[in-house]
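Number of protein chains: 2
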Amino acid sequence: MTVTLADVAARAQVSPATVSRVLNGNYPVAASTRERVLKAVDELDYVLNGPASALAAATSDLVGILVNDIADPFFGIMASAIQSEIGGPGGRAGGERLAVVCNTGGSPERELTYLTLLQRQRAAAVVLTGGAIEDASHVAAVSAKLRKLTDAGTRVVLCGRPPAPDTSAVALTFDNRGGGRQLTEHLIGLGHRRLGYIAGPEERTTTRHRLEGHRAALEAAGIQEDPRWTVHGRYDRRSGHEATLELLRRDPSLTAVVAANDSVALGACAALRESGLRIPEDVSVAGFDDLPFSIDAVPSLTTVRLPLAQAGRGPGGSPWGGRSRRPGDRDGAGELMVRGSSGVPRE
Amino acid sequence: MTVTLADVAARAQVSPATVSRVLNGNYPVAASTRERVLKAVDELDYVLNGPASALAAATSDLVGILVNDIADPFFGIMASAIQSEIGGPGGRAGGERLAVVCNTGGSPERELTYLTLLQRQRAAAVVLTGGAIEDASHVAAVSAKLRKLTDAGTRVVLCGRPPAPDTSAVALTFDNRGGGRQLTEHLIGLGHRRLGYIAGPEERTTTRHRLEGHRAALEAAGIQEDPRWTVHGRYDRRSGHEATLELLRRDPSLTAVVAANDSVALGACAALRESGLRIPEDVSVAGFDDLPFSIDAVPSLTTVRLPLAQAGRGPGGSPWGGRSRRPGDRDGAGELMVRGSSGVPRE
DNA sequence: CATGGGATAGAAAGCGCTTGCTGTACGGCT
DNA sequence: AGCCGTACAGCAAGCGCTTTCTATCCCATG
Chain A
1030 MTVTLADVAA
1040 RAQVSPATVS
1050 RVLNGNYPVA
1060 ASTRERVLKA
1070 VDELDYVLNG
1080 PASALAAATS
1090 DLVGILVNDI
1100 ADPFFGIMAS
1110 AIQSEIGGPG
1120 GRAGGERLAV
1130 VCNTGGSPER
1140 ELTYLTLLQR
1150 QRAAAVVLTG
1160 GAIEDASHVA
1170 AVSAKLRKLT
1180 DAGTRVVLCG
1190 RPPAPDTSAV
1200 ALTFDNRGGG
1210 RQLTEHLIGL
1220 GHRRLGYIAG
1230 PEERTTTRHR
1240 LEGHRAALEA
1250 AGIQEDPRWT
1260 VHGRYDRRSG
1270 HEATLELLRR
1280 DPSLTAVVAA
1290 NDSVALGACA
1300 ALRESGLRIP
1310 EDVSVAGFDD
1320 LPFSIDAVPS
1330 LTTVRLPLAQ
1340 AGRGPGGSPW
1350 GGRSRRPGDR
1360 DGAGELMVRG
1370 SSGVPRE
Chain B
1030 MTVTLADVAA
1040 RAQVSPATVS
1050 RVLNGNYPVA
1060 ASTRERVLKA
1070 VDELDYVLNG
1080 PASALAAATS
1090 DLVGILVNDI
1100 ADPFFGIMAS
1110 AIQSEIGGPG
1120 GRAGGERLAV
1130 VCNTGGSPER
1140 ELTYLTLLQR
1150 QRAAAVVLTG
1160 GAIEDASHVA
1170 AVSAKLRKLT
1180 DAGTRVVLCG
1190 RPPAPDTSAV
1200 ALTFDNRGGG
1210 RQLTEHLIGL
1220 GHRRLGYIAG
1230 PEERTTTRHR
1240 LEGHRAALEA
1250 AGIQEDPRWT
1260 VHGRYDRRSG
1270 HEATLELLRR
1280 DPSLTAVVAA
1290 NDSVALGACA
1300 ALRESGLRIP
1310 EDVSVAGFDD
1320 LPFSIDAVPS
1330 LTTVRLPLAQ
1340 AGRGPGGSPW
1350 GGRSRRPGDR
1360 DGAGELMVRG
1370 SSGVPRE
């Protein structure tokens, strides 16, 4: 039924070993022989059996990219960057790696399941993106898994996620804390004193870091934070909408709303407008990530740009180079983008 | 080094065959034995070797989802829907399928390469999403590949992409033509007579169908189309921005701009505004897809909603059910969403 | 002319798992 | 008591490829 190496070998009048060598090109084969083999491959329309090859060679060319939400452009952009960096099909680098993205949906179980699945497949590399869940037992489970993966020779890269101690995983983090701080400092500089904050899901490193940055800025400015000013939600538009309404209910005198990310900010804008408030005259709004659509919001969104597109590139080059994070490495810094949605508060 | 089935067998004092059967659960094993095996698996922290298993069983649980641009929410949402439908880890259905999404970046070569890669892996299924490239030789190559895949037992699903003749591939298409037509009819109904159209890349089925719908509406209304009114570009915001400027240059009297999709429409809005034009007072704008951010644009975008989230579900249920498209099956219809960006033309 | 060596090609031993077929034991049946 | 069906468990033969080791062949050397 299906064509095998042996069939090709027979047709080309050589041994299977030779065919394998031609295909892998890591052993001298006479030009004439090679040609004959290639011709046979072509005529027979032969396709290597991946599993068999992986089994025999004890390696595979699978690279898994884990994302929290594939429908979120934040991850889409990052995945895209990573993929082009590791040189998927058509990409630059040697050999064709099958870069695949796995959608965990933010679920700890799925994250673990995917890691196991990738471990099963003896993946060449695994990239975990986005914030990690801060549940002790889950963190431990993931760390254990990662350790096993690296032990088995799988390269592990953490992208926008805190380093995993006791692991040889390369980590490229984003400076969420610094970005959050800059953003809030900007708002404070404008004169805001009562700022609402729509945080992401609790127990997520990203959520926590951004919130910490925000609070650090408040504290530095001597502003006493009111617990009512913080609401937790999901990282999506709806959540931003609902949370804003809640915020407004709790304290109608807020003059600014800082959102966990741009999608949330968009939802916040909608809610504000529906409530009859103008942006930024009545309330300023700020997002995070600077996704492509943010500049087109009206008013355009003040936000923090993260170097998502550089996600694939490690500190000082490609993380695929093999080096591990060194003490001197800096986080991917955020860049404050001041736009129309933030302004001087009323009064 | 790594734990194998044999290790588990030894530890549980049974034969490898028994361990395999416990793990696959398709053969009677005494409860006590099963328990012993499971315990050993647990203690040894055994992980099945995917390639070996796939080789021996001649099947795998890989499901590949090909998308044109993973950074585009359009595909992200669709991929997400498909993934949850086929029951990836944590999903409903039996067994754990490793659903992976492969980013072709719209390149024909990459598309083919990924298909080969998936064929190599003996994927259980592959889903191709989004518009296809209308190059005869490429279409032929893809068809041949798909035929080979289905012959090898891989289920092939076409999602938002025209059916492939001579293939047992299941196809779920979106009614791009009808949607495009509705949209333009709406604009015409409002009184527009000079409509610019920003099309997607040429040679894409999606692009062509939407454009055809647009033209059908024009024709039905007896409007003679001016060739200057159509510009081709990419499916992204920047492209929309540039194309709009071009359109304005060609004919400043346009009263409406119809975009290939929502991202393009957003870019168009920006360009219009920069040119000092108000939306919709001076120029109406329409998008396509109804992505989440479209409702938050200001003014909110008039667009066509596609049942992306149903993408995973086939005609009358899941395409995984195995039935093939039947003549009576309808395309996924688009729903016109009239919002703020379209209005009565000036004059 | 004998010989060492470089360049190729082949033989064969797995890689770790699945599964058809072959035991073996036990309970119920006549 | 003898027989057979049922319920498990094990044997062993691959699945299709990679790779080490070995066998050739041919040419340059001494």
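Residue numbers (the working numbering), protein chains in the order written: chain A, 1030 to 1376; chain B, 1030 to 1376.
All C-beta atoms, glycine included, are put in the ideal place defined by N, C-alpha and C.
Bear in mind that the values here come from a model prediction, so they are computed numbers and not experimental data.
Which residue or residues does DSSP assign as beta-bridge partners of residue i?
i: Asn-1132/A; result: Val-1096/A
i: Gly-1225/B; result: Val-1286/B
i: Val-1260/A; result: Ile-1227/A
i: Leu-1127/B; result: Leu-1091/B
i: Val-1155/A; result: Gly-1093/A and Val-1185/A
i: Gly-1361/A; result: Phe-1203/A
As a quick exercise: from the options, pick the residue whose alpha carbon is nearest that of residue i.
i: Ile-1099/A; options: Gly-1361/A, Gly-1305/A and Tyr-1264/A; result: Tyr-1264/A
i: Glu-1138/B; options: Val-1168/B, Arg-1184/B and Leu-1337/B; result: Val-1168/B
i: Ser-1282/B; options: Arg-1334/B, Ala-1326/B, Glu-1140/B and Arg-1223/B; result: Arg-1223/B
i: Glu-1364/A; options: Thr-1331/A, Cys-1131/A, Arg-1050/A and Ser-1172/A; result: Thr-1331/A
i: Ala-1299/A; options: Ala-1272/A, Arg-1126/A and Tyr-1143/A; result: Ala-1272/A
i: Ala-1108/B; options: Pro-1102/A, Ile-1115/A, Ile-1111/A and Ala-1110/A; result: Pro-1102/A
i: Ile-1111/A; options: Pro-1256/A, Ala-1249/A, Gln-1339/A and Ala-1362/A; result: Gln-1339/A
i: Gln-1150/B; options: Thr-1183/A, Ala-1228/A, Arg-1126/A and Glu-1163/A; result: Arg-1126/A
i: Gly-1208/A; options: Arg-1239/A, Leu-1157/A and Leu-1247/A; result: Arg-1239/A
i: Asn-1290/A; options: Asn-1078/A, Thr-1236/A, Ser-1329/A and Ala-1246/A; result: Thr-1236/A
i: Leu-1187/B; options: Leu-1175/B, Thr-1158/B, Leu-1073/B and Ile-1162/B; result: Thr-1158/B
i: Ala-1326/A; options: Arg-1257/A, Gly-1369/A, Asp-1280/A and Leu-1276/A; result: Gly-1369/A
i: Tyr-1226/A; options: Val-1199/A, Ala-1362/A, Leu-1277/A and Val-1066/A; result: Leu-1277/A
i: His-1378/A; options: Val-1199/A, Pro-1374/A, Leu-1147/A and Gly-1182/A; result: What is shown of chain A runs 1030 to 1376, which leaves residue 1378/A out entirely.
i: Thr-1202/A; options: Glu-1114/A, Arg-1050/A, Gly-1160/A and Leu-1052/A; result: Gly-1160/A
i: Ser-1329/B; options: Ala-1250/B, Ser-1371/B and Leu-1301/B; result: Ser-1371/B
i: Ser-1197/A; options: Glu-1163/A, Ala-1154/A and Gly-1361/A; result: Ala-1154/A
i: Leu-1141/B; options: Val-1058/A, Arg-1190/A, Val-1076/A and Ile-1162/A; result: Val-1076/A
Using a threshold of 7 Å, state whether the C-beta atoms of residue i and residue j are closer than that.
i: Leu-1320/B; j: Val-1312/B; result: no
i: Ser-1089/B; j: Ala-1083/B; result: yes
i: Ser-1044/A; j: Ala-1035/A; result: no
i: Arg-1040/A; j: Ala-1085/A; result: no
i: Leu-1128/B; j: Val-1171/B; result: It is worth fixing the name first, because residue 1128/B is Ala in this sequence and not Leu. No, the pair does not count as a contact, with Cβ atoms beyond the cut-off.
i: Glu-1232/A; j: His-1261/A; result: no
i: Val-1286/A; j: Val-1314/A; result: yes
i: Ile-1094/B; j: Val-1185/B; result: no
i: Glu-1254/B; j: Leu-1247/B; result: yes
i: Gly-1296/A; j: Arg-1266/A; result: yes
i: Ala-1006/A; j: Arg-1210/A; result: Here chain A covers residues 1030 to 1376 and nothing more, so residue 1006/A does not appear.
i: Val-1051/B; j: Val-1066/B; result: yes
i: Thr-1133/A; j: Asn-1078/A; result: no
i: Gly-1269/A; j: Ala-1250/A; result: no
i: Gly-1189/A; j: Gly-1105/B; result: no
i: Pro-1191/A; j: Thr-1234/A; result: yes
Span of the beta strand (DSSP E) holding residue i?
i: Arg-1184/A; result: 1184-1188
i: Val-1287/A; result: 1285-1288
i: Glu-1364/B; result: 1364-1366
i: Ala-1200/B; result: 1199-1201
For the alpha helix (DSSP H) holding residue i, just list the boundary residues, first then last.
i: Ile-1162/A; result: That residue, Ile-1162/A, is in no alpha helix (DSSP H); it is neither H nor E in DSSP.
i: Thr-1235/B; result: 1234-1249
i: Arg-1210/A; result: 1205-1219
i: Gln-1148/A; result: 1137-1149
i: Val-1051/A; result: 1045-1053
i: Thr-1062/A; result: 1060-1073
i: Glu-1254/A; result: Per DSSP, Glu-1254/A belongs to no alpha helix (DSSP H) and is neither H nor E.
i: Ile-1111/B; result: 1102-1114
i: Gly-1269/A; result: 1266-1279
i: Ser-1082/A; result: 1079-1086
i: Val-1037/B; result: 1034-1041
i: Gly-1296/A; result: 1291-1303
Using only the heavy atoms of the ligand GTP, determine whether one of them is closer than 6 Å to the beta carbon of residue i.
i: Ser-1109/B; result: As far as ligands go, the structure on display features none, and thus does not contain the ligand GTP.
Quick check for students: name the residue ranges of the beta strand (DSSP E) that lie wholly in the region 1309-1347 of chain A, counting only runs of 3 or more.
Here the runs fully enclosed are 1313-1315 and 1332-1334.
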